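Worksheet: the structure to be examined is printed underneath.
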Amino acid sequence: MYRQFGNSDYRAGSAGEPTIVQSGRLDVLVALERIGTRLRFGRNDEIYREGDEAECWYKVISGTVRICKLLADGRRHIAEFCFSGDCFGIGNTSERIYAAEAVDDVIVMRFRRGPTEQLIDQNPIVARLLRDAMVRDLTYAHSRTLLLGRMTAPERVAAFLLEMFERRERTKFLDLPMSRIDIADYLGLTIETVCRTLSAFRRDGMIAVPNPHRIGLLDRAALE
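Quick note on our numbering: the sequence shown kicks off at 1498 and runs consecutively.
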């Protein structure tokens, strides 16, 4: 889910909309920080496993987290990448349906369900923010499933790059912490297809690839 309690929450509202202070959400963010625990994870560390008790939810402070699971045939499916400001692990299930792993060095805030529920009882804004986060997450998951089911391999890779540029720095060059196999498992493709497609995009002048973890957007219109 996208930046529900991230740094962008502190920006002033757009014309006609209340700012974070006017809306009362600043008090909520401060209260959440007080009940959270800051944790650090190294590259590829497990934050939680599939099947673990779902007693907490998390906010990414820095780094990248992948939400994933192993399918019955042994393949890995990555459902989402979470970046700084994104929240994950919010849900109504008693057990984790997916695992959460650190893509690189990660710092997260962990919020336990009990204190969160107490905060919800005290402030309805917390309940609304968490509910909106869950709704947005479900909407995104459904939309992504429908889109990927109808896209060709090049369209999937192009959509991934545009999504990352939108969610990340929004500059000409994008740092991608995830590996090519991570991208493949996210898009439901083979690593060979991902590498071949990126090479074709570079050859056609749509992107630049200074190194495996950095991509330049040269022709956005061609990717859209």
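Glycine included, each C-beta is placed from N, C-alpha and C at the ideal position. In this text the structure is predicted, and so the values were computed from the model without any measurement.
Tell me whether residue i is buried or exposed, calling it buried when 16 or more other Cβ atoms sit within 10 Å of its Cβ.
i     : result
E1598 : buried
N1712 : According to the sequence shown, residue 1712 is Ile rather than Asn. Buried: at least 16 other Cβ atoms inside 10 Å.
V1632 : exposed
R1531 : exposed
D1577 : A quick correction: the sequence has Glu, not Asp, at residue 1577. By the 10 Å Cβ count, E1577 comes out buried.
D1583 : buried
A1596 : buried
L1439 : With the chain covering 1498 to 1721 only, the question about residue 1439 has no answer from this structure.
A1638 : exposed
R1508 : Low confidence applies here, because R1508 scores a pLDDT of 36, under 50, leaving its location unreliable and the question unanswered by this model.
V1518 : Only weak support is given to the placement of V1518: the predicted model assigns it a pLDDT of 38, under 50, and the value that follows is read from those uncertain coordinates. So V1518 counts as exposed.
Nearest to residue i by alpha carbon, out of the options?
i     : options                       : result
E1592 : L1526, T1687, W1554 and F1662 : W1554
T1642 : Y1683, A1705 and R1665        : Y1683
R1628 : T1613, E1652 and H1639        : T1613
L1567 : I1594, L1645 and V1527        : I1594
E1547 : G1539, N1541 and I1564        : I1564
L1529 : Q1615, T1590 and Y1545        : Q1615
I1678 : G1702, I1688 and Y1545        : I1688
R1540 : V1525, D1701, D1602 and Y1637 : D1602
F1662 : I1704, P1621 and V1525        : I1704
For residue i and residue j, which I take to be in contact (beta-carbon distance under 8 angstroms), what is that distance rounded to the nearest angstrom?
i     : j     : result
A1551 : G1586 : 7 angstroms
P1722 : V1600 : This structure gives no information on residue 1722, because the portion of the chain shown stretches from 1498 to 1721.
Skipping 5 residues on each side, what residues in its chain have a beta carbon closer than 7 angstroms to that of residue i?
i     : result
G1722 : The question about residue 1722 has no answer here: the residues shown for the chain are numbered 1498 through 1721.
L1686 : A1650 and R1653
K1669 : G1713 and L1714
For residue i, which residues from the same chain have a beta carbon less than 8 angstroms from its beta carbon, with the 5 sequence-adjacent residues on both sides left out?
i     : result
L1659 : R1717, L1720 and E1721
So, for residue i: in the same chain, excluding its five sequence neighbours on each side, which residues have a beta-carbon less than 6 angstroms away from its beta-carbon?
i     : result
I1617 : V1623 and A1624
L1536 : V1605 and R1607
D1549 : R1593
May I ask you to verify whether the stretch 1689 to 1709 touches the stretch 1560 to 1573, counting CB pairs closer than 8 angstroms and requiring at least 3? The stretch 1689 to 1709, when compared against the stretch 1560 to 1573, does not touch it at the 8 angstroms Cβ threshold.
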